[in-house]
Amino acid sequence: MEISKIEVNAYKIPLPEPVEAFAAGVMKAFDLVVCKIINDDGAHGIGYITVHENQGLAIASIIKNSFIPIVLKKDPRLIELLWKEMWKATHYAGRGAPVSFAIAAVDVALWDLKGKCLNEPLWRLLGGCKKEVLAYAGNIDLNFTIEKLLIGASKSLDDGFRSIKMRLGREYLSEDIKRLDAMRTHLPDDIMLMADANEAWRIDQAVIAFKEIEKFNLVWLEEPIKPDDFVSYAHLRSLGKIPIAAGENLHTLSEFNQLINVGGVDFLEPDLTTCGGITPFMKVAKLAEINNLPICSHGVHELHVHLLASCPNASYLEFHAWRIDEFIESPLKVKNGFTQAPELPGHGIIFDFDKLTKFHIG
Ligand SMILES: [Mg+2]
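Just so we're aligned: the sequence shown equals residues 1 to 362 in my numbering.
1) Can you determine whether any heavy atom of ligand 1 sits closer than 8 Å to the C-beta of A135, and answer yes or no?
2) Cβ of D196 within 8 Å of any heavy atom in ligand 1?
3) Can you say whether A353 is buried or exposed, counting buried as having 16 or more other CB atoms within 10 angstroms of its CB?
4) Looking only at its own chain, which residues have a Cβ that is under 6 Å from the Cβ of W220, when we skip the five neighbours before and after it?
5) Should A93 go down as buried or exposed, given a rule of 16 or more other Cβ atoms within 10 Å for buried?
6) What are the uninterrupted segments assigned as alpha helix (DSSP H) that are 4 or more residues long and contained completely in the region 189-215, given in chain order?
7) Under 6 Å Cβ to Cβ from V34, same chain only, skipping five residues before and after it: list those, please.
8) In whole angstroms, what separates the C-alpha of K447 from that of A137?
9) Considering only the alpha carbon of each residue, which of I328, K5 and Q258 lies closest to V300?
10) Buried or exposed for I350, going by 16 or more other Cβ atoms inside 10 Å?
11) Check the C-beta distance from A182 over to I146 and give it rounded, since I have them as a contact under 8 Å.
12) Within the chosen definition, does the region 99-113 reach the region 65-77 through at least 3 CB pairs nearer than 8 Å?
13) For ligand 1, any of its heavy atoms closer than 8 Å to the Cβ of H298?
14) Using beta-carbon positions only, say whether L150 and G169 come within less than 9 Å of one another.
15) Ordered along the chain, which non-local residues of its own chain (more than five positions away) have a Cβ less than 7 Å from that of S310?
16) For D31, report the span of its beta strand (DSSP E) as first-last.
17) Exposed or buried, what is N39 when buried is set at 16 or more other beta-carbons lying within 10 Å of its beta-carbon?
18) Return the CA-CA distance between E289 and C296, expressed in angstroms with no decimal places.
19) Per DSSP, which residues does G138 bridge with? Please list them.
20) Do you know offhand how far L15's Cα is from D31's?
21) Throw me the rounded Cβ distance for the L308 and P280 pair, which I believe falls under 8 Å.
22) Any heavy atom of ligand 1 inside 8 Å of the beta-carbon of A21?
23) By how many angstroms is the C-alpha of G240 removed from the C-alpha of E326?
24) What does DSSP give as the partner residue(s) for E7 in the beta ladder?
25) Check whether the Cβ of G56 sits closer than 8 Å to any heavy atom of ligand 1, and report yes or no.
26) Have a look at the DSSP bridge pairing and note the partners of P121.
Next up, the structure:
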């Protein structure tokens with residue numbers, strides 16, 4: 001068995017309306033990079049990543065220039081070996097994004113191919129635990145008025161969510177408190193609320209914010225400070241005021257290990273696209289399990305649903321605001337706060353490439 005062909009394409013997908021988070025600023029579109037790996041028997045696997053706009057072509061280029069020569073003609077079943085070779089070949093310019101995004105697209109395609117060859121959905125192939133996965137709406141709404149913020153929350157409840165995340169990081173903490181207050185008053189008592197500051201604060205600002213925000217009983221407060229200031233994460237967590245979530249901006253297993261070892265996190269939320277794919281995500285999930293921590297996810301929920309459905313320590317799956325629903329068959333649905341991992345072989349995501357054509361950029 002060997003890989004006979006690899007196709008890579010990038011698309012720019014416009015968002016229905018501009019959204020804002022502190023670290024990223026205003027977003028009007030996102031890029032989608034799709035990697036198709038075709039086996040010599042004709043079977044194929046599809047991998048993809050999503051990323052901020054104007055970065056997809058660079059990632060597609062890494063796959064084309066650096067990884068196709070490594071992976072072509074190789075046995076697709078040896079995923080760990082191919083992953084190690086991609087990492088080693090690009091370690092000097094890599095050890096993180098955007099190389100990790102590029103490795104992720106290839107890695108996901110290899111896992112999808114394996115699932116299709118074995119006629120098993122990824123969630124069972126990866127261990128198989130519970131196909132019902134707790135989900136939350138990861139709304140991106142820092143630029144919304146309070147009225148619009150609450151309309152968005154109601155829409156998420158109508159869509160079946162029982163847990164909602166809103167953004168913090170306005171110019172003044174008093175604005176954030178006002179928005180949190182409005183949201184908590186708006187939501188029924190049995191609806192869970194998370195908040196994401198997207199690295200908005202210095203450590204001294206975060207200490208003050210934690211005191212002010214404690215009363216809202218958040219499930220977690222996400223990325224209050226820069227993602228790699230692990231010592232300050234440990235300090236914030238030692239205050240015991242609010243559970244802390246982090247992980248979407250960590251790119252290496254070592255970074256996850258460090259954050260866990262300093263005691264800086266309650267809810268670990270890796271993103272397979274930023275950390276190099278399914279292969280390292282599952283290692284982070286096991287690391288979390290060993291340390292008695294729950295595993296969550298950030299982004300690409302159609303893929304992460306399989307990973308969380310395979311983990312005994314699974315917690316929340318984020319439904320990210322970068323949606324590809326209109327370009328795939330059977331998007332995930334949420335009912336009473338839960339979604340279900342599909343039964344189709346591999347990840348089960350079937351793209352409508354005709355619909356994507358007009359957004360093709362390279
Ligand atoms: Mg976040």
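Every residue gets a Cβ at the ideal spot worked out from N, C-alpha and C, and that includes glycine.
Here the structure is a predicted model, which is why all the values come from computation and not from measurement.
In this structure, then:
1) As a first step, residue 135 must be located in the sequence shown, where it is residue number 135. Not under cutoff, so the answer is no.
2) Translated into positions along the sequence shown, residue 196 becomes position 196. Answer for D196: yes, Cβ within range of ligand 1.
3) As a working mapping, residue 353 is identified with position 353 in the sequence shown. It is worth fixing the name first, because residue 353 is Phe in this sequence and not Ala. Result: exposed.
4) For the purposes of this step, residue 220 is taken as residue 220 along the sequence shown, with counting starting at 1. The answer, listed in chain order, is M194, P243, A245 and F267.
5) Taking the first residue of the sequence shown as position 1, residue 93 is located at position 93. Under this definition A93 is an exposed residue.
6) 203-213
7) In the sequence shown, the residue the question calls residue 34 occupies position 34. Same-chain partners within the cutoff: N9 and Y48.
8) This structure does not reach residue 447, given that the chain is present from 1 up to 362, and the question cannot be answered.
9) Here the question's residue 300 lines up with position 300 in the sequence shown. Nearest of I328, K5 and Q258 to V300, Cα basis: I328.
10) Locating residue 350 in the sequence shown gives position 350, counting from the first residue. Counting Cβ neighbours within 10 Å, I350 comes out exposed, since fewer than 16 surround it.
11) Walking along the sequence shown from the start, residue 182 turns up at place 182. Walking along the sequence shown from the start, residue 146 turns up at place 146. Indeed they touch by this definition, with Cβ atoms about 5 Å apart.
12) At 8 Å Cβ cutoff, the stretches touch.
13) Position 298 of the sequence shown holds residue 298. For ligand 1, at least one heavy atom lies less than 8 Å from the Cβ of H298.
14) Along the sequence shown, one-based indexing puts residue 150 at 150. Along the sequence shown, one-based indexing puts residue 169 at 169. The answer is no: Cβ separation not under 9 Å.
15) By one-based count along the sequence shown, residue 310 stands at place 310. Correct list, in chain order: W123, L126, G127, G128 and C129.
16) Within the sequence shown, the letter at position 31 stands for residue 31. Taken as a continuous stretch (DSSP letters only), the beta strand (DSSP E) holding D31 covers G25 to N39.
17) Within the sequence shown, the letter at position 39 stands for residue 39. By the 10 Å Cβ count, N39 comes out buried.
18) In the sequence shown, counting from the first residue as 1, residue 289 sits at position 289. In the sequence shown, counting from the first residue as 1, residue 296 sits at position 296. Rounded to the nearest angstrom, the two C-alpha atoms are 12 Å apart.
19) Locating residue 138 in the sequence shown gives position 138, counting from the first residue. For G138, which the question treats as bridged, DSSP gives the partners K165 and H320.
20) The residue given as residue 15 occupies position 15 in the sequence shown. The residue given as residue 31 occupies position 31 in the sequence shown. Here the alpha carbons of D31 and L15 stand approximately 10 Å from one another.
21) By one-based count along the sequence shown, residue 308 stands at place 308. By one-based count along the sequence shown, residue 280 stands at place 280. Actually they do not touch by this definition, with Cβ atoms about 15 Å apart.
22) Taking the first residue of the sequence shown as position 1, residue 21 is located at position 21. Indeed, a heavy atom of ligand 1 lies less than 8 Å from the Cβ.
23) As a working note, residue 326 is residue 326 in the sequence shown. As a working note, residue 240 is residue 240 in the sequence shown. Within the model, the alpha-carbon separation for E326 versus G240 is close to 42 Å.
24) Taking the first residue of the sequence shown as 1, we reach residue 7 at position 7. DSSP lists K36 as partners of E7.
25) Here residue 56 refers to the residue found at position 56 of the sequence shown. No.
26) Your numbering for residue 121 matches position 121 in the sequence shown. DSSP lists G346 as partners of P121.
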